[in-house]
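Participant: Residue numbers (the working numbering), protein chains in the order written: chain L, 1 to 396; chain A, 1001 to 1396.
From the three backbone atoms N, C-alpha and C, an ideal C-beta is built for every residue, glycine too.
2 protein chains.
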Amino acid sequence: MSTAEVHRGSSGFANGRALRPSAKSLPEHARGHNRSLVLQTLYGAGTLSRADLARATGLTRVTISDLVAELMVEHLIVETGQRDEARPGKPATMLDINRGGYQIVGIDLSDYAVFRGAVLDLDGVVLERVEVPLDGATGPQATAKVVALAERLVAAASVPLLGIGVGSPGVVDLSGTVLSAPNLGWPSNGAGEPLQATLAAATGLPVIVANDANAAALAEHSFGGALSDMMLVKVGHGVGAGLIIGGTPLFGSRFAAGEIGHVVVGTDGGAACACGKVGCLETWLATPRLDAALAAAGDGTPEADAEREAILRCAGERLGIALAPVVGALDLAEVVLSGPVELLDGPLAEAAIETLRSRTMPTFHGNLVLRMTALGQDIVMRGAAAMVLSAQLGVS
Amino acid sequence: MSTAEVHRGSSGFANGRALRPSAKSLPEHARGHNRSLVLQTLYGAGTLSRADLARATGLTRVTISDLVAELMVEHLIVETGQRDEARPGKPATMLDINRGGYQIVGIDLSDYAVFRGAVLDLDGVVLERVEVPLDGATGPQATAKVVALAERLVAAASVPLLGIGVGSPGVVDLSGTVLSAPNLGWPSNGAGEPLQATLAAATGLPVIVANDANAAALAEHSFGGALSDMMLVKVGHGVGAGLIIGGTPLFGSRFAAGEIGHVVVGTDGGAACACGKVGCLETWLATPRLDAALAAAGDGTPEADAEREAILRCAGERLGIALAPVVGALDLAEVVLSGPVELLDGPLAEAAIETLRSRTMPTFHGNLVLRMTALGQDIVMRGAAAMVLSAQLGVS
DNA sequence: CATGTTTGTTAGTACACCGTACGAACAAAC
DNA sequence: GTTTGTTCGTACGGTGTACTAACAAACATG
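(1) For the stretch 351–363 of chain L and the stretch 264–271 of chain L, state whether three or more C-beta atom pairs, one from each stretch, are separated by less than 8 Å.
(2) Please name the residue, chosen from 87/L, 63/L and 100/L, that lies closest to residue 79/L on a Cα-to-Cα basis.
(3) Determine which residues share a DSSP beta bridge with residue 115/L and list them.
(4) My output table needs one value for residue 78/L: the three-state DSSP class, helix, strand or coil.
(5) Are the beta-carbon atoms belonging to residue 218/L and residue 396/L less than 9 Å from one another?
(6) With a threshold of 16 other CB atoms inside 10 Å of the CB of residue 1025/A, please say whether the residue is buried or exposed.
(7) Taking Cβ to Cβ, would you say residue 1333/A is nearer than 9 Å to residue 253/L?
(8) Would a check of beta-carbon distances place residue 1175/A closer than 9 Å to chain L?
(9) Hey, residue 61/L and residue 51/L: beta-carbon distance below 9 Å or not?
(10) Enumerated in chain order, which unbroken segments of the beta strand (DSSP E) with a length of 3 residues or greater are wholly contained in the stretch 176–218 of chain L?
(11) Here's a check: name, in chain order, each residue in its chain whose Cβ is nearer than 6 Å to the Cβ of residue 389/L, leaving out the five neighbours to either side.
(12) Mind the definition here: the stretch 296–313 of chain L touches the stretch 265–280 of chain L only if three or more C-beta pairs lie below 8 Å; say whether that holds.
(13) Buried or exposed, going by whether 16 or more other CB atoms sit within 10 Å of the CB of residue 84/L?
(14) Who are the neighbours of residue 183/L on chain A, taking C-beta pairs under 7 Å?
(15) For my contact list, residue 1167/A and residue 1383/A are in at a C-beta cut-off of 8 Å; report their separation, rounded to the angstrom.
(16) Looking only at C-alpha atoms, which of 38/L, 43/L, 226/L and 151/L sits nearest to residue 69/L?
(17) Given this structure, state the Cα-to-Cα distance separating residue 1111/A from residue 1150/A, to the nearest angstrom.
(18) Establish whether the CB of residue 289/L and some CB of chain A are separated by less than 9 Å.
(19) Assuming residue 1371/A is part of the alpha helix (DSSP H), what are its boundary residues?
(20) Using only alpha-carbon positions, find the residue among 1160/A, 1056/A, 1201/A and 1337/A that is nearest to residue 1098/A.
(21) Against chain L, with Cβ distances strictly below 9 Å, would residue 1172/A count as a contact?
(22) For residue 21/L, which residues of its own chain have a beta-carbon under 6 Å away from its beta-carbon, when the five flanking residues on both sides are left out?
(23) DSSP on residue 1378/A, reduced to helix/strand/coil?
(24) Could you tell me whether the stretch 198–208 of chain L touches the stretch 220–237 of chain L, where touching means 3 or more Cβ pairs closer than 8 Å?
(25) Considering residue 287/L, what are the terminal residues of the alpha helix (DSSP H) in which it resides?
(26) Taking the C-alpha atoms as reference points, what is the distance between residue 306/L and residue 1313/A?
(27) Between which residues of its own chain and residue 1041/A is the CB-CB distance below 8 Å, once the five residues before and five after are set aside?
(28) Which complete alpha helix (DSSP H) runs does the stretch 316–361 of chain L hold, if anything under 4 residues is left out?
(29) Taking the Cβ atom as the reference point for each residue, do residue 363/L and residue 1175/A lie within a distance shorter than 9 Å?
(30) Is residue 189/L close to chain A? Criterion is C-beta to C-beta, closer than 9 Å.
(31) In three-state terms, what does DSSP make of residue 1108/A?
(32) Is any beta-carbon of chain L found at less than 9 Å from that of residue 1214/A?
(33) Is there a Cβ of chain L sitting closer than 9 Å to that of residue 1220/A, yes or no?
(34) Sorted by chain position, which residues of the same chain lie with C-beta nearer than 7 Å to residue 269/L's C-beta, five sequence neighbours on each side aside?
(35) For residue 1361/A, go through chain L and note every residue whose CB falls closer than 7 Å to its CB, in chain order.
(36) For a cutoff of 9 Å on Cβ pairs, would you count residue 1021/A as touching chain L?
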């Protein structure tokens, strides 16, 4: 299960941002970039010949052969036989990412009651699933539970692992240290919970830890067909968001990008929030509040149904009010919702997009799309896997 | 006045975004990057020896000598004599950007009544200023006025020009085509006003055209000491914004990033806007509306003064309400205001920051800064110059 | 004056990519 | 069955970039 040759880590998550301002550039960096380019092209297209890759990338067939040879030594690319269709000329030997040769562990710490984990293949398909009840564990106990879950999943993998990705609630810096996750009691010491370092030491594998909503946004971009300028809003016990700007995750000046749960919405009051303010987005949208309001409305009678719909529409309006300035400022192309389908997908989403449309400039933002994610419950785990793909292979 | 050797265009504005996903990378790109790195380091530090540059960049003295020789042939770097201080070892020959060897033309089309232009040196200092009354020109007439202004400024330059930068109102794509600027009657044909191409053809110089608020944001980042995650709000006849994210300008999915003037603010109505909606940010903040409201409040008496202050505070609150979700979502470190000082700097700015603080999470965004720009009226022209520096030299 | 330090250059090496050329393997046409 | 043209993948030589090693020049310091 040695993955020693696969620690290249080229673009995206590993480096944080695309180019640090004062960093020299060497020819070998170009090589790494082109390596990733080959992998990325092959990853997207499925199966191509060397000549196809040359045409797609703009590199020459010679260079492609060289890169492919290097990647085949590392077992990242395999030959899959000759092309099926009959064409004039020498038949092409087809190549593909070694999709069965590596697996990824993805872990989702965002639920308030359970830690979820899975073994995934390189396409982000869940192969094996493990859930661990949280049982109120915080601080070091929570850390121990994460390590144990990771080790179980590592043992469950049937082929070498590319790495471990973790989506954690709270504020996570670029080194994978959780700076603040109150629900999990992190950091238990003062400085920050170095989850990435802890897991790397425990497993000996490459590890990437990032915010859960950021991971979800990346999943939607990698596997959900989302556009390159997108916001993913994750509704659960809290409300958070992840942003993809120009195809790249956005982290923010203090790694707190997407923390919109405690932004006040509207100018007409609202409910009191645990944070001390009044009318935070979470007081309108968080699932416990919504569930309670819906339960109070009753069920069965037409009046109750109407009231339930009004509650959901109101929540959607608040979401739209909060998002309108963000959509306007960032010129987003798409907003994706993640969370309980029965709450979000319906009057809430409809009211949200109507409100967004009525509060932004149609000339600029008319073709804005708002939709539910199609990735369901697995979104954070799959995003964690996408983080590993991005960091280890430069594939996004 | 030949500048034929200086068309390299490395990072930042010329490419739009840092790395396009499917673009090969060659060793010569690394060379270009390191060229820019040398210029950038020298630009920021003022004057350094080759050995200093080697230490600062991480490249070897040999490579630095090679790069410096190339840049000296292009007259972008000059030797400024030996180091003053007495130190052991061979005395160092100091280098600097050829600050007097090139100039830049910056043009500001954002004012509703005049086109402003200037010849600037490489540090963004205005050397010569030209203003042209707009006289209601629109469409082709406006274009002709811009071309004439550019030609006047080109003639006024005393040394070779690095290029021409233009900050235009409206939506401008990455090729410098104005897609929509209603006040100037652009585009006059259907497709878009290709201002960058027109000016390049007329002058034979490199030209960069971008949105005025984006240019202003870049000016603040390059010359105003702004942080790397910043929003600049430009208040005038309209309200627009420019965003710097991770040190890079943000353009948005339809090149409309920063267009927040027609985002509805609050949930309690407001004045009718020309766009058809009610309560747009412009109805609270645009200078004609503010001036009218202040004039109606009167002057001199204590009551009038109090009312004037209340009007300004109210505008500031609205700005804070609109910006809170953006600050939260992007985790901005700084918000900078540009526009009439007598309106913005005072109760308005104070109310804005107070509102922002009360509507966001102090844990995340507590040390947010809101301030006036120190660049005054010249901000767009200087931003246009910064665009040229970024596109031609990779300096930002 | 001898010694050590710093600077900038020369010489040689490693690496990455390109252009050209070539053999291999096939389809189509005769 | 042969010829022709096409496509594929590889071999070779060349160019560009940056590195290490070595060195002469110029200076401060003891």
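Facilitator: Concretely, from the data shown:
(1) no
(2) 100/L
(3) 132/L
(4) strand
(5) yes
(6) buried
(7) yes
(8) no
(9) yes
(10) 178–180 and 207–211
(11) 395
(12) no
(13) exposed
(14) In chain order: nothing, as chain A lies at least about 14 Å away.
(15) 6 Å
(16) 38/L
(17) 16 Å
(18) no
(19) No alpha helix (DSSP H) holds residue 1371/A; the beta strand (DSSP E) holding it covers 1369–1372.
(20) 1160/A
(21) no
(22) With a pLDDT of only 45 at residue 21/L, under 50, the local geometry of the prediction cannot be trusted, and the value read off the model is given with reservation. Here the set comprises nothing.
(23) helix
(24) no
(25) 287–297
(26) 40 Å
(27) 1048, 1053, 1056 and 1057
(28) 341–344 and 347–359
(29) no
(30) no
(31) strand
(32) no
(33) no
(34) 278 and 279
(35) 259, 262 and 275
(36) Summary for residue 1021/A: the model assigns pLDDT 45, below 50, so the residue's position carries little reliability, and this model does not support an answer.
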